[in-house]
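Sequences listed follow chains A and B, in order. Heads up: the first sequence begins at 11 in my numbering, then just goes up one per residue. Heads up: the second sequence begins at 340 in my numbering, then just goes up one per residue. We treat Cβ as the ideally placed atom computed from N, Cα and C, and that holds for glycine. A short worksheet on the structure shown next.
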Amino acid sequence: MPTYRPGPVSLILAVLVALFLLLPLLAVIPVSLTPSRMLAMPTGELSLRHYRSLIEDPRWLDAILLSIRIGIVSSVISTVLALCFSLGVWMFQPRFTAALVGFVLLPMVVPPVVSAITLYFLLTSISGMSSFFGYDTWLGVAMAHSVMTVPFATVLILVSLSQLDRRIDLAARGLGASVWERATRIIMPNIKFGIVTAALLSFVLSWEEIGVTLFITSVNAITLPRLMWMGLRDNIDPAIAALSVILIIITVLVLALRSVVVKARGN
Amino acid sequence: MGAALLMAPLLLFLVLAYAWPFLGVVKWSVTLPTPGLGQYSALATDALVQSVFIRTLRIALIVTVVSVAAAYAITMVWVRGSPAQRIVAEFCILVPFWISVLTRAFGWVALLSNRGLINTWLQSIGFISEPLALVRNEFGVIVGMTHFLIPFAVFPLASAMRSLDERVLLAARGLGSSRMRTFWTVFVPMTRSGIIGSAMIVFVFSLGFFVTPAILGGGRSVMIAELIYLRIFQSPDWGLGAAISVVLVLFVGALMALLFRYVRPKQLI
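Written as structure tokens, this is what we have:
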């Protein structure tokens, strides 16, 4: 417990910052209940029509399903690649570890817009060769999302590996275990939590990815964020408010659940 | 040796899907529309490009100062507050952090637009007759970006505030230094590495920011990233778009190199 506590001035400032952080999230609630066709505050009566349009309009449902499909595929690709790479680095301890890891982390530190134009170049080049795996295809988007999420998955898995006791691996090795046995029977069971977190984070990052997606899709591969973007740029569609409220509620529930789980594990 | 092979798939994937196409973008910048360094010299003279660069730097600087200051206040409570205060602060930091950039930008549109919450309320109490222009300008961009980046600014600060030596603070208070003086002359200097790390992260992020400026700037307050988008998709000038990207990468790379001279990467998480 820190002995140096925040005084009244920092408390007041922190409350103002907290309000600033929560305000736009709260503001979407009244907008989502407006009976009007356009973005406006409800005056008098409330309506759930924008929530209904999320279910009834096939565009929203299609986009949600596509985002889930891309999220799962890209999360599997990036978790598997990140896991193999991290296991290799941990077991082999190459001389240029820092340079190799730095290279893998590039898509995370390079400005997203530069990654976007890079992946646009890649997918338009592939498009010439195959029609289902290039620009504006769901597989292309899934691959691009894997590039963007793999650094995050790698960081998470490397962090959980760094907390692992090397002696259990040395013991397995001394007893004659092969690389495959060491990886699957000794190391992976000990970093389960890190692997699952990496997969979940990759899914979430893909689910909400928009910067790169905007560059590599046009009319066919419309993910949920891409559809929201179209609704935000032109005529603002209050269905976005309804969708935002749902997404905010899910986030709050997941975070609350997580803190309960963390507490239970701690006790 | 078998273990070394495990590293190959990801390295190969990123070479093919990231490094090679990036070189392709570099090639665009020196071959389109005509071979040579014409696009780069155009960058140095084009008035529009320059005004966008300057606007981007100005916005990034303002956003950095405001975000780090705001993050400092809430991190203070998150790390050093009472248990109840900590839970509330953590909630206020993590909920926005996990919500997508589009939802957050949309929240600001709902608050700031002409028919949004703030203008509707100010008009209903008769404070203003015409709606204030709070969005589709630089103000809206700065507000939205600050909101997006505060949680990112929090983490390096939190790590610095957690790891400092309590006894120094107790000594300062014990020797009769006031709360304010202890804060400014002891606490803040001890969290310097966190402040530098946090400012660098926010600054670098703001330079390449795309979504928030595009939505809250409404096409009137274009930043570098949006300019690249426009050059690729609206007035097809791929060479210029590519050249701006290359310059942006070099600039960010130089900033990162500078950052790691002062801060260890581990201090940033």
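Which of the three DSSP states, helix, strand or coil, is assigned to residue i?
i: Q424 of chain B; result: helix
i: M11 of chain A; result: In this prediction, M11 of chain A has a pLDDT of 48, which is less than 50 and means its spatial position is unreliable; what the coordinates show is noted afterwards. Residue state, collapsed to three classes: coil.
i: V271 of chain A; result: helix
i: S560 of chain B; result: coil
i: Q173 of chain A; result: coil
i: Y145 of chain A; result: coil
i: F548 of chain B; result: coil
i: S88 of chain A; result: helix
i: G186 of chain A; result: coil
i: D72 of chain A; result: helix
i: T44 of chain A; result: coil
i: P117 of chain A; result: helix
i: P199 of chain A; result: helix
i: D179 of chain A; result: helix
i: L29 of chain A; result: helix
i: Q573 of chain B; result: coil
i: G375 of chain B; result: coil
i: T530 of chain B; result: coil
i: V541 of chain B; result: helix
i: L56 of chain A; result: coil
i: V38 of chain A; result: helix
i: M51 of chain A; result: coil
i: R600 of chain B; result: helix
i: A435 of chain B; result: Inspection of the sequence shows that residue 435 of chain B is occupied by Pro rather than by Ala. The answer is helix: DSSP assigns P435 of chain B an H, G or I state.
i: P104 of chain A; result: coil
i: F95 of chain A; result: helix
i: V163 of chain A; result: The sequence shown places Ala at residue 163 of chain A, not Val. Of the three classes helix, strand and coil, the one that applies to A163 of chain A here is helix, per DSSP.
Considering only their Cβ atoms, is the gap separating residue j from residue i smaller than 8 Å?
i: L371 of chain B; j: G578 of chain B; result: yes
i: A428 of chain B; j: A28 of chain A; result: yes
i: L43 of chain A; j: S57 of chain A; result: yes
i: I290 of chain B; j: A492 of chain B; result: Residue 290 of chain B cannot be examined here, being either before or after the span of chain B that is shown, 340 to 608.
i: I258 of chain A; j: T442 of chain B; result: yes
i: M101 of chain A; j: A342 of chain B; result: yes
i: T159 of chain A; j: S212 of chain A; result: yes
i: V124 of chain A; j: L589 of chain B; result: no
i: I80 of chain A; j: S216 of chain A; result: yes
i: G558 of chain B; j: V474 of chain B; result: no
i: W367 of chain B; j: A581 of chain B; result: yes
i: W239 of chain A; j: I256 of chain A; result: no
i: I167 of chain A; j: I201 of chain A; result: yes
Could you round the C-beta distance between residue i and residue j to whole angstroms and report it? I think they count as a contact, below 8 Å.
i: W417 of chain B; j: I432 of chain B; result: 6 Å
i: L488 of chain B; j: F544 of chain B; result: 6 Å
i: S63 of chain A; j: A249 of chain A; result: 5 Å
i: S96 of chain A; j: L171 of chain A; result: 6 Å
i: L555 of chain B; j: G455 of chain B; result: 12 Å between Cβ atoms; not a contact.
i: Y357 of chain B; j: T128 of chain A; result: 6 Å
i: G49 of chain A; j: A449 of chain B; result: The identity of residue 49 of chain A in the sequence shown is Leu, whereas the question assumes Gly. With a Cβ gap of about 7 Å, L49 of chain A and A449 of chain B count as contacting.
i: M562 of chain B; j: F548 of chain B; result: 6 Å
i: V151 of chain A; j: T233 of chain A; result: 7 Å
i: G536 of chain B; j: P495 of chain B; result: 4 Å
Which two residues bound the contiguous alpha helix (DSSP H) that contains residue i?
i: T370 of chain B; result: W359 to T370
i: W417 of chain B; result: A386 to R419
i: E505 of chain B; result: E505 to G513
i: F352 of chain B; result: A347 to L353
i: L234 of chain A; result: L234 to R243
i: V482 of chain B; result: E477 to R501
i: S463 of chain B; result: L456 to S463
i: W447 of chain B; result: V440 to L451
i: T227 of chain A; result: It is not in any alpha helix (DSSP H) - T227 of chain A carries neither H nor E in the DSSP assignment.
i: V474 of chain B; result: Segment: none, V474 of chain B is in no alpha helix (DSSP H) and carries neither H nor E.
i: R59 of chain A; result: R59 to E66
i: R518 of chain B; result: R518 to T521
i: I127 of chain A; result: P122 to S137
i: G17 of chain A; result: Note, G17 of chain A: premise wrong, no alpha helix (DSSP H); not H, not E.
i: A310 of chain B; result: Shown here, chain B extends from 340 to 608; a query on residue 310 of chain B therefore has no answer.
Kindly examine the ligand SAH and report whether one of its heavy atoms sits closer than 7 Å to the Cβ of residue i.
i: T521 of chain B; result: The ligand SAH is absent from the structure shown, which contains no ligands of any kind.
Below 9 Å between beta carbons is the criterion; list the residues of the region 419-431 of chain B that meet it against any residue of chain A, in chain order. R419, G420, S421, P422, Q424, I426, V427, A428, E429, F430 and C431
For the region 436-451 of chain B, which residues have a beta carbon sitting closer than 7 Å to at least one beta carbon of chain A? W437, I438, S439, V440, L441, T442, R443, F445, G446, W447, V448, A449 and L450
Report the residues of the region 138-165 of chain A with a CB closer than 7 Å to any CB of chain B, ordered along the chain. M153, V157 and V160
Taking any Cβ of chain B, which residues in the region 69-101 of chain A have a Cβ under 7 Å from it, in chain order? L91, A92, C94, F95, L97, G98, V99 and M101
Anything in the region 221-245 of chain A with a Cβ closer than 8 Å to a Cβ of chain B? List those residues in chain order, please. G221, L224, F225, P235, M238, W239, L242 and R243
If you measure beta-carbon to beta-carbon, which residues of the region 50-67 of chain A are closer than 7 Å to chain B? A50 and M51
Please list, in chain order, the residues of the region 114-131 of chain A that have any C-beta partner in chain B closer than 9 Å. V114, L116, P117, V119, V120, P121, P122, V123, V124, S125, A126, I127, T128, L129, Y130 and F131
Could you please tell me which residues of the region 187-207 of chain A, in chain order, have their CB closer than 8 Å to any CB of chain B? S188, V189, W190 and A193
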